[in-house]
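In my numbering, the protein residues as written are 11 to 409.
Written as structure tokens, this is what we have:
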């Protein structure tokens, strides 16, 4: 597995199909390894610099070469790995600030709500699982690939238990509905990747890792003892002369990617040091969407009526009916369900910015909440200002 790997097969041309998978690697016999996306969920682990990001980026690059696929990226660390995907990603959230974690939780909550809608639509169509025909006919049924990188930051946080519960539900429903989750962490353990999540992963990849506990946390209990181990893989190191020894960077011990557990050597799409082979792939993917009329996620064959004008305060009172207060991530999920086109991409920060001071979220019981009393107060303040403006205009002297 030390010989140079050839260029990625889709580097300069070609398309993919979410339902059949994307090329990601070669096995020990130099056979092409296709990463299945439909009906799968992945876990990826390994030391920093061992090749995790290369696998995920190659997978995302392949996914977007199917114009039906939408991608969401949540990275709980500040890096530029995913920046090229900004023009095409449905969601790109990159932050190492713990206060931003509710944004990730909101995204998962919204996704779970959307899965329920997908289930109802599949039932109405008489289909047990998503098909390409259904996905092409309905923008709300498009396949989704969701990356949660540095996932330990989420699962080890104050909202980690809630996030794990959400993820477990999403995985249980998402397999048949066309939603693929990819988790990545440099420190796999029962806490950083909870067992409830790890046990439902179909595809697992472990790059160079320091101990057998981490190996088994991602690949499965007893794998190290059975010889399925990445502890012998060497991370990149610096030679005495200052040159880089890449070690086994890009090589991973895997389960679920091939017929039998074993090593794969991942493709790498160069980007950095004046070379960028990733952006042209994303440009091709954007062109595919334009050419097929899928760039906006709307049916371009018929005219679309203008979207209704939304009033955030009124909409919050509507979705919070029967509640005096509500966690912000729950309110965001309900707003997204009310009008996905308008609220579907809203984050906690966007909600806070859009709300007047009187109605902004506040912390209680360790979570951010919105209050119907405060929303009513903000509506009253707004009406008072409106009435004053109208009175001022009527009472203004003529010049």
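C-beta atoms are modelled at their ideal positions from N, C-alpha and C, and glycine is treated no differently.
Note the first and the last residue of the continuous beta strand (DSSP E) segment covering residue 92. Taking the first residue of the chain shown as 1, we reach residue 92 at position 82. Unbroken run through residue 92: none, as it is neither H nor E.
Smallest Cα separation from residue 40: which of 329, 360, 274 and 181? Position 30 of the chain shown holds residue 40. Nearest to residue 40 by C-alpha distance, out of 329, 360, 274 and 181, is 274.
Helix, strand or coil, according to DSSP, for residue 246 in the structure here? Along the chain shown, one-based indexing puts residue 246 at 236. When DSSP states are grouped into helix, strand and coil, residue 246 belongs to the coil group.
What would DSSP say about residue 372, mapped onto helix, strand or coil? In the chain shown, the residue the question calls residue 372 occupies position 362. DSSP, read as helix, strand or coil, puts residue 372 in strand.
What is the DSSP secondary structure of residue 329, counted as helix, strand or coil? Here residue 329 is taken as the residue at index 319 of the chain shown, counted from 1. Note: residue 329 maps to helix in three-state DSSP.
Contact check, residue 211 vs residue 53 under 8 Å by CB: the rounded distance? On the chain shown, residue 211 is found 201 positions in, with the first residue counted as 1. On the chain shown, residue 53 is found 43 positions in, with the first residue counted as 1. Going by Cβ atoms, the distance from residue 211 to residue 53 rounds to 4 Å, so yes, they are a contact pair.
Taking the runs of the alpha helix (DSSP H) that are 4 residues or longer, which of them lie wholly in the segment 63-141? 111-135
At 4 residues or longer, what runs of the alpha helix (DSSP H) sit wholly inside the segment 160-215? 162-165, 170-187 and 205-208
Among residues of its own chain, excluding the 5 on either side of residue 55, which ones have a beta-carbon nearer than 6 Å to its beta-carbon? Your numbering for residue 55 matches position 45 in the chain shown. If we look at residue 55 and ignore the five residues flanking it on each side, its Cβ neighbours are 195, 198, 216 and 228.
Cβ of residue 335 within 8 Å of Cβ of residue 265? Here residue 335 refers to the residue found at position 325 of the chain shown. Here residue 265 refers to the residue found at position 255 of the chain shown. Taking 8 Å as the Cβ cut-off, residue 335 and residue 265 do not qualify as a contacting pair.
Applying the 10 Å Cβ sphere with the 16-neighbour rule, what's the burial state of residue 19? Within the chain shown, the letter at position 9 stands for residue 19. Residue burial annotation: residue 19 is exposed, with fewer than 16 other C-beta atoms found within 10 angstroms of its C-beta.
Give every residue of the same chain whose Cβ lies closer than 6 Å to the Cβ of residue 188, excluding the five residues on either side of it in the sequence, and list them in chain order. As a first step, residue 188 is located in the chain shown; it is residue number 178 there, counting from the start. Taken in chain order, the residues that qualify are 140 and 153.
Specify the secondary structure class of residue 315 as computed by DSSP and reduced to three states. Taking the chain shown and counting its residues from 1, one reaches residue 315 at position 305. Since pLDDT at residue 315 reaches only 42, below the 50 mark, its modelled position is unreliable, and the value read off the structure follows with that caveat. Three-state result, residue 315: coil.
Leaving out the 5 sequence neighbours to the left and right, which residues in its chain are closer than 8 Å to residue 248 when beta-carbon positions are compared? For the purposes of this step, residue 248 is taken as residue 238 along the chain shown, with counting starting at 1. Here the set comprises 254 and 255.
Need the endpoints of the alpha helix (DSSP H) that residue 39 sits in, please. Taking the chain shown and counting its residues from 1, the one referred to as residue 39 is at position 29. Where residue 39 is concerned, there is no enclosing alpha helix (DSSP H), given that its DSSP letter is neither H nor E.
Within 10 angstroms of the Cβ of residue 16, are there 16 or more other Cβ atoms? Answer buried if so, exposed if not. On the chain shown, position 6 is the one that residue 16 refers to. Exposed, since its Cβ has fewer than 16 Cβ neighbours within 10 Å.
Grab the span of the alpha helix (DSSP H) containing residue 264 for me, first residue to last. As a working mapping, residue 264 is identified with position 254 in the chain shown. No alpha helix (DSSP H) contains residue 264, which is instead part of the beta strand (DSSP E) from 261-265.
Can you list, in chain order, the residues of its chain whose CB lies under 7 Å from that of residue 344, leaving out five sequence neighbours each side? As a first step, residue 344 is located in the chain shown; it is residue number 334 there, counting from the start. Once the five neighbours on either side are set aside, the close Cβ partners of residue 344 are 329.
Take residue 279 as the anchor and find which of 34, 104, 375 and 84 has the nearest alpha-carbon. The sequence position of residue 279 within the chain shown is 269, counting from 1. Among 34, 104, 375 and 84, the Cα nearest to that of residue 279 belongs to 34.
Beta-carbon within less than 8 Å of residue 376's beta-carbon, same chain only, minus the 5 sequence neighbours each way: which residues are those? Residue mapping note: residue 376 aligns to position 366 of the chain shown, counting from 1. If we look at residue 376 and ignore the five residues flanking it on each side, its Cβ neighbours are 168.
How is the alpha helix (DSSP H) around residue 224 delimited, first residue to last? As a first step, residue 224 must be located in the chain shown, where it is residue number 214. Run containing residue 224: 222-229, per the alpha helix (DSSP H) assignment.
Starting from residue 421, follow the beta strand (DSSP E) in both directions and report where the run begins and ends. Because residue 421 is not part of the residues shown, which for the chain are 11 to 409, the question remains open.
Taking the straight line between their C-alpha atoms, what separation do you get for residue 123 and residue 129? As a first step, residue 123 must be located in the chain shown, where it is residue number 113. As a first step, residue 129 must be located in the chain shown, where it is residue number 119. Between residue 123 and residue 129, the C-alpha separation is close to 10 Å.
Classification of residue 369 by the beta-carbon crowding that lies within 10 angstroms, buried from 16 upward: Looking up residue 369 in the chain shown gives position 359. Residue 369 comes out buried.
Excluding the 5 residues preceding and the 5 following residue 213 in the sequence, name in chain order all residues of the same chain whose CB lies nearer than 8 Å to its CB. On the chain shown, residue 213 is found 203 positions in, with the first residue counted as 1. Counting only Cβ-Cβ distances below 8 Å, and skipping sequence neighbours, we find 45, 46, 50, 51, 52, 53, 264, 265, 266 and 267.
Can you tell me whether DSSP reads residue 336 as helix, strand or coil? In the chain shown, counting from the first residue as 1, residue 336 sits at position 326. Correct three-state label for residue 336: strand.
Residue 286 - partner residues in DSSP beta bridges: Position 276 of the chain shown holds residue 286. Note: residue 286 is bridge-paired with 281 in the DSSP secondary-structure output.
Is residue 34 helix, strand or coil when you go by DSSP? Numbered from 1 along the chain shown, position 24 holds the residue referred to as residue 34. Here residue 34 sits in strand by DSSP.
Member of 32, 43 and 98 whose CA lies at the smallest distance from the CA of residue 300: Taking the first residue of the chain shown as 1, we reach residue 300 at position 290. It is 98 whose Cα lies nearest to the Cα of residue 300.
Using 8 Å as the threshold, is the C-beta distance between residue 119 and residue 379 below it? Looking up residue 119 in the chain shown gives position 109. Looking up residue 379 in the chain shown gives position 369. No Cβ-Cβ contact shorter than 8 Å links residue 119 with residue 379.
How far does the beta strand (DSSP E) with residue 275 in it reach, from first residue to last? Translated into positions along the chain shown, residue 275 becomes position 265. Unbroken beta strand (DSSP E) run through residue 275: 272-276.
Taking contact to mean 3 or more Cβ pairs, one atom from each stretch, closer than 8 Å, check whether the segment 237-251 and the segment 284-295 are in contact. no
If you follow the alpha helix (DSSP H) that residue 351 is in, where does it begin and where does it stop? Within the chain shown, residue 351 is the residue found at index 341, counting from 1. Counting along the chain, residue 351 sits inside the alpha helix (DSSP H) bounded by residues 350-353.
Quick check on the burial criterion: 16 or more other C-beta atoms within 10 angstroms. Buried or exposed for residue 89? In the chain shown, the residue the question calls residue 89 occupies position 79. Under this definition residue 89 is an exposed residue.
Going by DSSP, name the residue or residues bridged to residue 52. Numbered from 1 along the chain shown, position 42 holds the residue referred to as residue 52. In the DSSP output, where bridge partners are listed per residue, residue 52 has 192 and 213.
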